[in-house]
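In this note's numbering, the protein residues as written are 1 to 170.
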């Protein structure tokens, strides 16, 4: 990694590194370690602020996004979203989300969703967390982010890539 361009001495000492992300998913942490037998020593930490590039589809138009009602109205009028690359969908009419790493995975069936607070990611891009719940309890929700570009994003989880669900035009 580019970290070692600045810290050449650490490159020879480091034999293990890991990446983490903050709970609000706005910062990415790169941890650089030395692992000797059973001793793990942190040698360095690099922090990157994540940009709004994940929300900034240049081909998509901006949608009304002043409040939760704007989002609700958009979702009422646009019920189907598709990630072409992953062949996955968010279908609000069927109340199901296709999100998988393996073909045997079943759709996530949801009962309802909740829209979080609107955040300004940049001077132009806004987003809101939308959590889909399988039942009335607040457990086992499926977390997505919806932007004022009219699409959903699901951040990478484990080996799964990010999913970009764009609206399917009628």
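C-beta atoms are modelled at their ideal positions from N, C-alpha and C, and glycine is treated no differently.
- Taking the Cα of residue 129 as reference, the smallest distance to any Cα among 135, 139, 147 is reached at 147.
- For the set 8, 13, 93, 152, the Cα lying nearest the Cα of residue 111 is the one of 93.
- Apart from the 5 residues on each side of it in sequence, residue 64 sits with its Cβ closer than 6 Å to the Cβ of 70 in its chain, given in chain order.
- For residue 18, the closest C-alpha among the options 9, 31, 82 is that of 31.
- With contacts defined as CB atoms closer than 8 Å, residue 152 and residue 98 fail to qualify as a contacting pair.
- Note that the C-beta distance between residue 149 and residue 57 is below 8 Å.
- Between residue 83 and residue 163, the C-beta spacing is below 8 Å.
- Setting aside the 5 residues that flank it on each side, residue 135 is surrounded in the same chain by 111, each with a C-beta closer than 7 Å to its C-beta; the list follows chain order.
- Residue 46 sits in a strand when the DSSP states are folded into three classes.
- Exclusion of the five residues before and after residue 43 leaves 10, 13, 14, 32, 33, 34 as the residues of its chain whose Cβ lies within less than 7 Å of its Cβ.
- In the DSSP assignment, residue 82 falls within the beta strand (DSSP E) that extends over 80-83.
- When DSSP assignments are scanned along the stretch 6-37, the uninterrupted stretches of beta strand (DSSP E) that are 3 or more residues long and fall wholly within it turn out to be 16-21, 27-36.
- The beta carbons of residue 74 and residue 88 sit about 20 Å from each other, so the pair does not count as a contact at 8 Å.
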